[in-house]
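So the sequence shown is numbered by my numbering: it starts at 903 and just counts up by one.
Written out below as structure tokens is the structure these notes cover.
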Amino acid sequence: MTTVLVTGATGFIGRRLVPALVEEGHDVRAMTRRPDSYDGPGTAVGADVSDRASLDRALEGADVAIYLVHSLDDPDFERKDAQAARNFSAAAAAAGVGQIIYMGGLGDDDDDLSAHLRSRREVEGLLGADGVPVTVLRAAIVVGHGGISWEITRQLVKNLPAMVVPRWVGTRTQPIALDDVVRYIVGVVGNEQAMDRVFEIGGTEQLTYLDMMKVAAQAMNGRTIPIITVPVLTPRLSSRWLALVTDVDATTGRNLIDSMTHEVVVTDTSIRDVVPGEPLSYRESVRRALAERQASEEQR
């Protein structure tokens, strides 16, 4: 039995991942800063990536550690995420962890990366700085109920009868279903073929952000909404606009929007050799995200 520590166990990906790992027969430690309030599967473990001593305790005896931590809602997120990765790398090495799995961001290394994507690359390197093999899964937008990028799309379509949008909506991306992200993470746990490798993961289609909004509008409303593209709308203005019409805070919104001017598509499909299976389409991803949201609202 593999002992797996999942950081961010109560987050967007973590709360779906932990049950899937338990179902696979792993001994799962769900790491959270508030273990007393954790009510999910696995064993709750209290730790904070900014506190090295707490990480030493959480990682003791772990075979694999899954790192799902970021600080996008903090203006100083690059420094905070870098220090957290240093702490985690050192603690994982000291504990004898055999593999760290990290969710990074898609993007061409030769491109002039945004601060968000640049930080993701830096964290990739820092997590392996003390010798623990790192498996990186790079994704663009993850479509699932509660995901920040998906929520921006859903709420814009829901709240606006028509949209004036910046020209970056013409940038191509490759969204991926949350179910596929979980499937890929579970598939690389302890997998020798995945050690010290970077994989690109995505859905079946390369779409512009405009295409994504049109598909979401059709799924939600049964019709498209009028969308007008304007030549200039800076990331700062875009983030303020998002804060007005969605519940995504301006800091997080701006950090994400900075990345939306960069094309982020899959150019290497080698993950399918390691974790076989056809990913879901964007339409199916949207359908599942909306269905989960409805089920969640009905349970309240």
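Cβ coordinates follow ideal geometry from the N, Cα and C atoms, glycine included.
Computed from a predicted structure; not experimentally measured.
What did DSSP end up calling residue i once you bin it into helix, strand or coil?
i, result
"Met903", "coil"
"Gly1033", "coil"
"Leu1080", "helix"
"Met1097", "coil"
"Gly1104", "coil"
"Ile1087", "helix"
"Arg1040", "strand"
"Ala946", "strand"
"Val1177", "coil"
"Val1025", "helix"
"Val951", "coil"
"Val1045", "strand"
"Val1117", "helix"
"Ala960", "helix"
"Ser939", "helix"
If we ignore side chains and look at the alpha-carbon of each, how far apart do residue i and residue j end up?
i, j, result
"Val966", "Thr904", "7 angstroms"
"His1047", "Arg1174", "25 angstroms"
"Glu926", "Val1084", "12 angstroms"
"Gly1124", "Glu1024", "42 angstroms"
"Asp929", "Leu1192", "31 angstroms"
"Gly1007", "Thr934", "23 angstroms"
"Val1117", "Gly1033", "44 angstroms"
"Gln1196", "Glu1053", "14 angstroms"
"Val1071", "Met1114", "9 angstroms"
"Thr945", "Arg1020", "33 angstroms"
"Phe979", "Ala1031", "20 angstroms"
"Arg1056", "Asp1081", "18 angstroms"
"Gly1089", "Glu1199", "31 angstroms"
"Glu1094", "Val1150", "39 angstroms"
"Gly1027", "Glu1194", "35 angstroms"
Identify the residues that DSSP records as bridge partners of residue i: which are they?
i, result
"Tyr969", "Tyr1004"
"Leu1109", "Thr1075"
"Val1166", "Thr1075"
Measuring only between beta-carbons, confirm whether residue i sits less than 8 angstroms from chain B.
i, result
"Ser991", "The structure shown contains no chain B, having only a single protein chain."
Which residue marks the beginning of the alpha helix (DSSP H) containing residue i, and which one marks its end?
i, result
"Thr1055", "Ile1050 to Asn1061"
"Gly916", "Gly916 to Glu925"
"Val1188", "Tyr1184 to Gln1201"
"Asp983", "Phe979 to Ala997"
For residue i and residue j, which I take to be in contact (beta-carbon distance under 8 angstroms), what is that distance rounded to the nearest angstrom?
i, j, result
"Thr1037", "Ala1096", "5 angstroms"
"Ile1078", "Ala1042", "7 angstroms"
"Ala993", "Asp958", "5 angstroms"
"Val971", "Ala960", "Not really, about 12 angstroms apart at Cβ, beyond 8 angstroms."
"Val908", "Ala932", "6 angstroms"
"Ala955", "Val999", "Incorrect: roughly 16 angstroms between the Cβ atoms, too far for contact."
"Ser1051", "Gly1105", "Not really, about 13 angstroms apart at Cβ, beyond 8 angstroms."
The beta strand (DSSP E) spanning residue i covers which residue range?
i, result
"Ala932", "Asp929 to Thr934"
"Ala911", "Premise fails: Ala911 is in no beta strand (DSSP E) and is neither H nor E."
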